[in-house]
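Residue numbers (the numbering used here), protein chains in the order written: chain A, 2 to 110; chain B, 2 to 110. The beta-carbon is built from N, C-alpha and C at its ideal position, and this holds for glycine as well. These notes are about the structure you will find just below.
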DNA sequence: ATTTAATATCGTAATATTGCGATATAAATT
DNA sequence: AATTTATATCGCAATATTACGATATTAAAT
């Protein structure tokens, strides 16, 4: 075992969960917050800022890119990373729909 | 390796990430949605609804309980699970602060 | 008292994730 | 052309997660 049984769930549930999973790591939260604060940055800035190895930062950036939330554009010998605004807004909508839904509690609890 | 270096991040980042991590599994999303729809349910309902083994559901419920988002109260030979409203609202506030922050994009990207 | 029902926990196998050194690639600098 | 700089990828070790069968526990039903 060790494999999530994605076939048991609705596409929407798998999609939401896989996005939340990517965000569920402090390095990736820190990376996003740094990019948001600085507007944009390069990989090496994050290596210095966070204190993880360059290979590790690069891997986290790859995962963030994979869900589309950030974008990297080549600028000479470095890569400029920034938030992908369209996708960020999509995520906002999706997360708001989930987290801001009205929860009604039964008396028993 | 294989250990997240939590000492590198701010408490807030670790807290947010660990909560998102728990939500980053489709079974746990499905469980939350089912509880929200039904107002409350027992473990066995979820076993039938989701098609995972009882031990597996019980483990997922344990993780959701660990972050406080659900609560279980004994009712005879079963346990009634429901959303913990106070914590849910806390999470709403925390997630909204993160996801609904204003993101400004640099021209380069 | 015995059986049934619901849940939790233990142990374990399969797989995934995290982190990093080493190396590859590619652009800028000397 | 050689060096420097920035990043990506590979391969690996350590650890974490997922899932489940088996078993334990506890309350209700017979």
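Where residue i meets chain A, residues with beta-carbon distance less than 7 Å
i: residue 52(B); result: 9
Cross-chain neighbours of residue i in chain A, by beta carbon under 9 Å
i: residue 22(B); result: 21, 22, 24, 25 and 26
i: residue 15(B); result: 27 and 30
i: residue 37(B); result: 102, 103, 104 and 105
Presumed contact (8 Å Cβ cut-off) between residue i and residue j, rounded CB distance
i: residue 44(B); j: residue 58(B); result: 6 Å
i: residue 84(B); j: residue 32(B); result: With a Cβ gap of about 11 Å, residue 84(B) and residue 32(B) do not count as contacting.
i: residue 100(B); j: residue 92(A); result: 7 Å
i: residue 52(B); j: residue 51(A); result: Residue 52(B) to residue 51(A), Cβ: 40 Å. No contact.
i: residue 21(B); j: residue 21(A); result: 5 Å
Selected residue, minimal CA-CA separation from residue i, among the options
i: residue 27(A); options: 2(A), 65(A) and 56(A); result: 65(A)
i: residue 80(A); options: 90(A), 71(A) and 88(A); result: 71(A)
i: residue 96(A); options: 19(A), 6(A), 4(A) and 10(A); result: 19(A)
i: residue 74(B); options: 53(B), 42(B) and 38(B); result: 42(B)
i: residue 69(A); options: 24(A), 3(A), 11(A) and 5(A); result: 24(A)
i: residue 103(B); options: 90(A), 61(A) and 47(A); result: 90(A)
i: residue 106(B); options: 98(A), 86(A), 34(A) and 3(A); result: 86(A)
i: residue 98(B); options: 3(B), 78(B), 54(B) and 17(B); result: 17(B)
i: residue 2(B); options: 49(A), 54(A), 15(A) and 34(A); result: 54(A)
i: residue 63(B); options: 14(B), 77(B), 82(B) and 4(B); result: 82(B)
i: residue 123(A); options: 60(B), 39(B) and 15(B); result: Summary: the structure shown does not reach residue 123(A), with chain A confined to residues 2 through 110, and so no result is reported for it.
i: residue 88(A); options: 67(A), 7(A), 77(A) and 39(A); result: 67(A)
i: residue 5(A); options: 61(B), 49(B), 40(B) and 39(B); result: 61(B)
DSSP bridge partner residues for residue i (one or two, in chain order)
i: residue 43(A); result: 81(A)
i: residue 72(A); result: 83(A)
Chain-ordered neighbours of residue i on chain B, where CB pairs are closer than 9 Å
i: residue 18(A); result: 24, 25, 26, 27, 28, 29, 30 and 31
Chain-ordered chain B contacts of residue i [CB-CB under 8 Å]
i: residue 123(A); result: Residue coverage of chain A in this structure runs from 2 to 110, which leaves residue 123(A) outside it and unanswerable.
Practice problem: Compile a chain-ordered list of the residues in the stretch 73 to 88 of chain B whose CB is closer than 9 Å to at least one CB of chain A. | Solution: Residues of the stretch 73 to 88 of chain B with a C-beta atom less than 9 Å from some C-beta of chain A are 73, 74, 76, 81, 82, 83, 84, 85 and 86, listed in chain order.
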